[in-house]
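The sequence shown begins at 1015 in my numbering and counts up one residue at a time. Note that CB positions come from ideal geometry on N, CA and C, so glycine has one too. Structure first, commentary second.
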Amino acid sequence: WEVSQLLNKAIVKVRRISHELMPPVLKDFGLEAAFRELFDSSMLSNENIVPKLRISGLKERLNIHLEIALYRIVQEILNNIIKHARASHIDFRLKGEDDGISINLKDDGIGFDTTNKQGFGLKYISSRVQLLNGRLEIVSSKKSGTECKIWIPKVQVKT
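Written out as C-alpha cells, the structure is:
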C-alpha cells in the first residue's frame, strides 16, 4: 500500500515537472496564453503573490524554440521571486515591437545585492538571454524590489 502511494506521488510529480518544461498551452496556443496560464497558476497564489500582466504586440507566433526559451527565462525569474524575494506583487510586461521583444518583470520584494551573481538561477537566465543575442539588466535594491529587463532583437524573433 505504501509503495503504491509513493509511486502515485512520483507519477504526479513527474507529470508536473514535464508540464512545466513544455506546457501544452505553449505548444498549442503560443507564448501569450502560456504566460497567462503561468501567472494564473497556483504557484503564485500559494505564495500570496498577486501578478499583473500586460502583453502586447505579439501579432503572430514566434519560433517555437524562441517561445520555449522565453518561457523558461520568465519561469526561472518567477522561481527566484518565489524562493527569495518575499514579494506580494509582480508586474510583468511583454511587448512585441518592430525591432524585437522586450520583457520587464518587477517585484516588490526585499531586493538583493546585484554585484553577487553567484546563484545558478541568475547564471541560467543570463546565459539564455546571451544565447538569444539579447540584453539583460537587473536592477535591485534592498526593500525596493527587483526589476529584470530583457531585450531580444528581431533577428531572433522571426519564425
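Counting along the chain, where does the beta strand (DSSP E) carrying residue i start and finish?
| i | result |
| --- | --- |
| His-1103 | 1103 to 1111 |
| Ser-1155 | 1149 to 1155 |
| Ile-1166 | 1159 to 1167 |
| Gly-1125 | Looking at the DSSP string, Gly-1125 is not in any beta strand (DSSP E), and its letter there is neither H nor E. |
Give the secondary structure of residue i by DSSP, where H, G and I count as helix, E and B as strand, and everything else as coil.
| i | result |
| --- | --- |
| Asn-1093 | helix |
| Ser-1059 | helix |
| Arg-1075 | coil |
| Arg-1086 | helix |
| Arg-1068 | strand |
Take the Cβ of residue i as the centre, count every other Cβ of all protein chains shown within 10 Å, and call the residue buried at 16 or more, exposed below.
| i | result |
| --- | --- |
| Leu-1020 | exposed |
| Asp-1122 | buried |
What residue range does the alpha helix (DSSP H) around residue i cover?
| i | result |
| --- | --- |
| Asp-1042 | 1038 to 1043 |
| Leu-1136 | 1134 to 1145 |
Taking a contact to mean a Cβ-Cβ separation below 8 Å, would you say residue i touches residue j in this structure?
| i | j | result |
| --- | --- | --- |
| Lys-1168 | Gly-1125 | no |
| Gly-1044 | Glu-1081 | yes |
| Asn-1060 | Ser-1102 | no |
| Leu-1145 | Gln-1089 | no |
| Ile-1078 | Ile-1117 | no |
Among the options, which one has its Cα closest to the Cα of residue i?
| i | options | result |
| --- | --- | --- |
| His-1098 | Lys-1023, Gly-1159 and Glu-1016 | Gly-1159 |
| Val-1143 | Asp-1042, Ala-1101, Lys-1120 and Tyr-1085 | Tyr-1085 |
| Leu-1108 | Leu-1058, Asn-1022, Cys-1162 and Ile-1095 | Cys-1162 |
| Ser-1155 | Thr-1128, Ile-1166, Lys-1041 and Ser-1070 | Thr-1128 |
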